[in-house]
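Some notes on the structure that comes next.
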Amino acid sequence: MTTIFEVLTWGREGTKVDGQLTSRLGYGVEFPRGAEFGLQLLMDAWFQGFGTMAMGQDTAKEFEECFELFLGKQVWTDAEGYLLDEATKELVQPKVKAAEHYADRLDGSSGRSGGYDYLVLKPRGDEFLRRATAIIASFTIESDPGSEKARFTIEAADPRYVAHMEKHLYFQTAFTGRLPA
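Numbering-wise (the numbering used here), the sequence shown opens with residue 9 and increments by one.
In C-alpha coordinates:
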(Lines of atoms letter the chains of each structure in order from A; the text may use other names.)
(Lines give C-alpha, C1' and ligand atoms only; values in the text may rest on other atoms or scores of the structure.)
Protein backbone atom coordinates (compact mmCIF):
# COMPACT_ATOMS: atom_id res chain seq x y z
CA MET A 9 0.00 0.00 0.00
CA THR A 10 1.29 3.42 -0.91
CA THR A 11 0.62 5.83 1.93
CA ILE A 12 -0.84 9.11 0.71
CA PHE A 13 -1.98 10.56 4.04
CA GLU A 14 -1.30 10.06 7.72
CA VAL A 15 -4.53 10.43 9.69
CA LEU A 16 -4.79 11.48 13.32
CA THR A 17 -8.19 11.76 15.00
CA TRP A 18 -9.22 13.05 18.40
CA GLY A 19 -12.09 10.64 18.99
CA ARG A 20 -15.72 11.43 18.38
CA GLU A 21 -18.43 13.56 19.87
CA GLY A 22 -21.86 12.32 18.92
CA THR A 23 -21.78 12.02 15.15
CA LYS A 24 -18.65 14.16 14.62
CA VAL A 25 -15.02 13.15 14.28
CA ASP A 26 -12.25 15.78 14.19
CA GLY A 27 -8.76 15.09 12.97
CA GLN A 28 -5.71 16.06 11.01
CA LEU A 29 -4.29 14.86 7.72
CA THR A 30 -0.61 15.03 6.89
CA SER A 31 0.34 14.56 3.27
CA ARG A 32 3.09 12.03 2.62
CA LEU A 33 3.52 13.64 -0.80
CA GLY A 34 4.99 16.83 0.69
CA TYR A 35 3.94 20.44 0.54
CA GLY A 36 1.47 21.99 -1.89
CA VAL A 37 -0.95 19.08 -1.97
CA GLU A 38 -4.59 19.74 -2.79
CA PHE A 39 -6.54 18.05 -0.01
CA PRO A 40 -9.61 16.05 -1.07
CA ARG A 41 -13.04 17.48 -0.39
CA GLY A 42 -16.44 15.87 -0.40
CA ALA A 43 -18.44 13.18 1.32
CA GLU A 44 -16.64 10.43 -0.59
CA PHE A 45 -13.33 11.20 1.16
CA GLY A 46 -15.01 11.39 4.57
CA LEU A 47 -16.49 7.94 3.99
CA GLN A 48 -13.16 6.60 2.73
CA LEU A 49 -11.48 7.70 5.99
CA LEU A 50 -14.16 6.06 8.15
CA MET A 51 -14.01 2.88 6.05
CA ASP A 52 -10.22 2.70 6.22
CA ALA A 53 -10.15 3.17 10.01
CA TRP A 54 -12.64 0.30 10.32
CA PHE A 55 -10.77 -1.87 7.79
CA GLN A 56 -7.53 -1.41 9.72
CA GLY A 57 -9.26 -2.83 12.79
CA PHE A 58 -9.96 0.26 14.86
CA GLY A 59 -13.03 -0.10 17.06
CA THR A 60 -14.40 -3.08 15.17
CA MET A 61 -16.14 -4.38 18.29
CA ALA A 62 -17.95 -1.05 18.71
CA MET A 63 -19.53 -1.25 15.27
CA GLY A 64 -22.70 -3.25 14.76
CA GLN A 65 -22.83 -6.08 12.23
CA ASP A 66 -25.28 -4.23 9.99
CA THR A 67 -22.98 -1.21 9.77
CA ALA A 68 -19.93 -3.42 9.18
CA LYS A 69 -21.86 -5.06 6.31
CA GLU A 70 -22.59 -1.61 4.86
CA PHE A 71 -18.88 -0.75 4.98
CA GLU A 72 -18.07 -4.06 3.25
CA GLU A 73 -20.56 -3.17 0.52
CA CYS A 74 -18.99 0.27 0.17
CA PHE A 75 -15.57 -1.34 -0.31
CA GLU A 76 -17.07 -3.57 -3.02
CA LEU A 77 -18.58 -0.54 -4.76
CA PHE A 78 -15.26 1.28 -4.60
CA LEU A 79 -12.84 -1.55 -5.41
CA GLY A 80 -15.08 -3.96 -7.32
CA LYS A 81 -16.91 -6.98 -5.95
CA GLN A 82 -15.37 -10.44 -6.10
CA VAL A 83 -17.61 -13.15 -7.53
CA TRP A 84 -16.59 -16.71 -6.71
CA THR A 85 -16.24 -19.45 -9.31
CA ASP A 86 -15.23 -23.06 -9.46
CA ALA A 87 -12.24 -24.21 -11.57
CA GLU A 88 -14.42 -24.30 -14.72
CA GLY A 89 -15.71 -20.76 -14.20
CA TYR A 90 -19.19 -21.59 -12.91
CA LEU A 91 -20.68 -19.16 -10.41
CA LEU A 92 -20.56 -20.15 -6.72
CA ASP A 93 -22.85 -18.90 -3.95
CA GLU A 94 -21.04 -16.15 -2.06
CA ALA A 95 -21.78 -17.53 1.41
CA THR A 96 -21.66 -21.31 0.92
CA LYS A 97 -19.29 -21.58 -2.08
CA GLU A 98 -21.67 -24.19 -3.53
CA LEU A 99 -22.54 -24.15 -7.23
CA VAL A 100 -25.42 -21.82 -8.04
CA GLN A 101 -28.31 -23.74 -9.57
CA PRO A 102 -29.00 -23.72 -12.41
CA LYS A 103 -25.31 -23.69 -13.30
CA VAL A 104 -24.19 -20.50 -14.99
CA LYS A 105 -20.80 -19.33 -16.20
CA ALA A 106 -19.78 -16.26 -14.19
CA ALA A 107 -18.11 -14.66 -17.23
CA GLU A 108 -21.35 -14.91 -19.20
CA HIS A 109 -23.61 -13.82 -16.34
CA TYR A 110 -21.47 -10.74 -15.54
CA ALA A 111 -20.03 -10.17 -19.04
CA ASP A 112 -20.53 -6.41 -19.23
CA ARG A 113 -19.63 -5.85 -15.55
CA LEU A 114 -16.26 -7.67 -15.36
CA ASP A 115 -13.15 -5.54 -14.98
CA GLY A 116 -10.75 -8.21 -16.26
CA SER A 117 -9.19 -9.03 -12.89
CA SER A 118 -9.22 -12.48 -11.37
CA GLY A 119 -7.53 -14.39 -8.59
CA ARG A 120 -7.66 -17.23 -6.14
CA SER A 121 -8.31 -17.13 -2.40
CA GLY A 122 -9.15 -19.80 0.16
CA GLY A 123 -9.08 -22.51 -2.51
CA TYR A 124 -11.63 -20.76 -4.75
CA ASP A 125 -11.25 -18.75 -7.93
CA TYR A 126 -12.85 -15.35 -8.34
CA LEU A 127 -13.52 -12.69 -10.94
CA VAL A 128 -13.78 -9.00 -10.09
CA LEU A 129 -16.65 -6.77 -11.12
CA LYS A 130 -16.07 -3.18 -12.19
CA PRO A 131 -16.15 -0.57 -9.40
CA ARG A 132 -19.29 1.54 -9.22
CA GLY A 133 -18.17 5.06 -8.39
CA ASP A 134 -21.62 6.56 -8.95
CA GLU A 135 -23.20 4.20 -6.43
CA PHE A 136 -20.32 4.73 -3.98
CA LEU A 137 -20.91 8.49 -4.18
CA ARG A 138 -24.64 8.00 -3.59
CA ARG A 139 -23.90 5.91 -0.49
CA ALA A 140 -21.30 8.42 0.71
CA THR A 141 -23.75 11.31 0.54
CA ALA A 142 -26.29 9.24 2.51
CA ILE A 143 -23.77 8.26 5.22
CA ILE A 144 -21.77 11.51 5.52
CA ALA A 145 -23.82 14.53 6.60
CA SER A 146 -20.84 16.85 6.08
CA PHE A 147 -17.12 16.78 5.52
CA THR A 148 -15.07 19.93 5.99
CA ILE A 149 -11.34 20.36 5.57
CA GLU A 150 -9.16 23.41 6.17
CA SER A 151 -5.51 23.96 5.39
CA ASP A 152 -3.19 26.88 4.89
CA PRO A 153 -2.08 27.36 1.26
CA GLY A 154 0.90 25.14 0.48
CA SER A 155 0.70 23.32 3.82
CA GLU A 156 1.24 19.59 4.15
CA LYS A 157 -1.30 19.45 7.00
CA ALA A 158 -5.06 19.96 7.11
CA ARG A 159 -7.69 19.76 9.84
CA PHE A 160 -10.95 17.99 9.05
CA THR A 161 -14.35 17.26 10.54
CA ILE A 162 -16.53 14.37 9.47
CA GLU A 163 -20.15 14.42 10.53
CA ALA A 164 -22.04 11.19 9.95
CA ALA A 165 -25.77 10.97 9.34
CA ASP A 166 -26.04 8.41 12.15
CA PRO A 167 -23.77 7.71 15.17
CA ARG A 168 -23.39 4.06 14.17
CA TYR A 169 -21.13 5.11 11.26
CA VAL A 170 -18.60 6.63 13.68
CA ALA A 171 -18.99 4.16 16.57
CA HIS A 172 -15.53 2.76 15.79
CA MET A 173 -13.92 6.21 16.11
CA GLU A 174 -14.36 6.49 19.90
CA LYS A 175 -10.66 6.90 20.74
CA HIS A 176 -7.76 8.91 19.35
CA LEU A 177 -6.53 7.09 16.27
CA TYR A 178 -3.46 7.21 14.08
CA PHE A 179 -3.37 5.37 10.77
CA GLN A 180 -2.11 5.73 7.24
CA THR A 181 -4.28 5.60 4.16
CA ALA A 182 -3.89 5.23 0.43
CA PHE A 183 -7.34 6.70 -0.23
CA THR A 184 -7.22 9.95 -2.17
CA GLY A 185 -10.85 11.06 -2.29
CA ARG A 186 -11.07 10.14 -5.97
CA LEU A 187 -13.84 7.92 -7.21
CA PRO A 188 -13.24 4.87 -9.40
CA ALA A 189 -14.01 5.36 -13.07
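From the three backbone atoms N, C-alpha and C, an ideal C-beta is built for every residue, glycine too.
- In chain order, Gly19, Arg20, Gly59, Ala62 place their CB closer than 8 Å to the CB of glutamate 174, counting only its own chain and leaving out the 5 sequence neighbours on each side.
- Relative to the Cα of aspartate 52, the nearest Cα in the group Gly42, Ala87, Val15, Arg32 belongs to Val15.
- With respect to the 7 Å criterion, isoleucine 162 and phenylalanine 183 are not classified as neighbours on the basis of their beta carbons.
- The alpha carbon of glutamate 94 has as its nearest neighbour, out of Ala87, Tyr124, Phe78, Leu77, the alpha carbon of Tyr124.
- Cβ contact annotation for phenylalanine 45 (same chain, cutoff 6 Å, sequence separation greater than five): Gly185, in chain order.
- C-alpha of leucine 92 to C-alpha of valine 25: approximately 40 Å in a straight line.
- DSSP, read as helix, strand or coil, puts isoleucine 12 in coil.
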